[in-house]
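Heads up: the sequence shown begins at 1 in UniProt numbering, then just goes up one per residue.
Structure, as structure tokens:
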Amino acid sequence: MSFNLRAAILQNVSGNTVDEVEATIVDAVQSGEEKMLPGLGVLFEVYWNQASEEDKQQVINQISKGLQ
1 MSFNLRAAIL
11 QNVSGNTVDE
21 VEATIVDAVQ
31 SGEEKMLPGL
41 GVLFEVYWNQ
51 ASEEDKQQVI
61 NQISKGLQ
């Protein structure tokens, strides 16, 4: 039996409103639970695939700053 976690996460949040997406992200970050990391990763992948090169660079810079 094969389970596609990415597809399951996308199906779970598909059609969510802006407020629901925000609540999902805030809840995942605030909870600090490792089980939430795959969902955040999928949401980040969605963002990344639609972001401009400038937006991608800004995110890279912000993450780099946060890791220092």
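Glycine is no exception: its CB is placed at the ideal position from the N, C-alpha and C atoms.
Residue i in three-state terms, based on DSSP
i, result
"Ala23", "helix"
"Ser52", "coil"
"Gln62", "helix"
"Glu34", "helix"
C-alpha distance - residue i paired with residue j, whole-angstrom precision
i, j, result
"residue 69", "Phe3", "Missing from the structure shown is residue 69; the chain here goes from 1 to 68 and no further."
"Met36", "Ala7", "15 Å"
"Asn16", "Glu34", "22 Å"
Same chain only: Cβ atoms within 8 Å of residue i, ignoring 5 sequence neighbours per side
i, result
"Ala51", "Val59"
"Val21", "Val13 and Leu43"
"Leu40", "Ile25, Ala28 and Val29"
Anticipated Cβ contact below 8 Å, residue i with residue j, distance rounded
i, j, result
"Val42", "Thr24", "That pair is no contact at about 11 Å."
"Leu5", "Pro38", "6 Å"
Range of the contiguous alpha helix (DSSP H) that encloses residue i
i, result
"residue 70", "Examination of residue 70 is not possible in this model, given that the chain is present from 1 through 68 alone."
Sequence-distant residues of its chain with Cβ nearer than 7 Å to residue i (five each side left out)
i, result
"Asn49", "none"
6 Å Cβ shell around residue i - same chain, five flanking residues per side excluded
i, result
"Asp27", "none"
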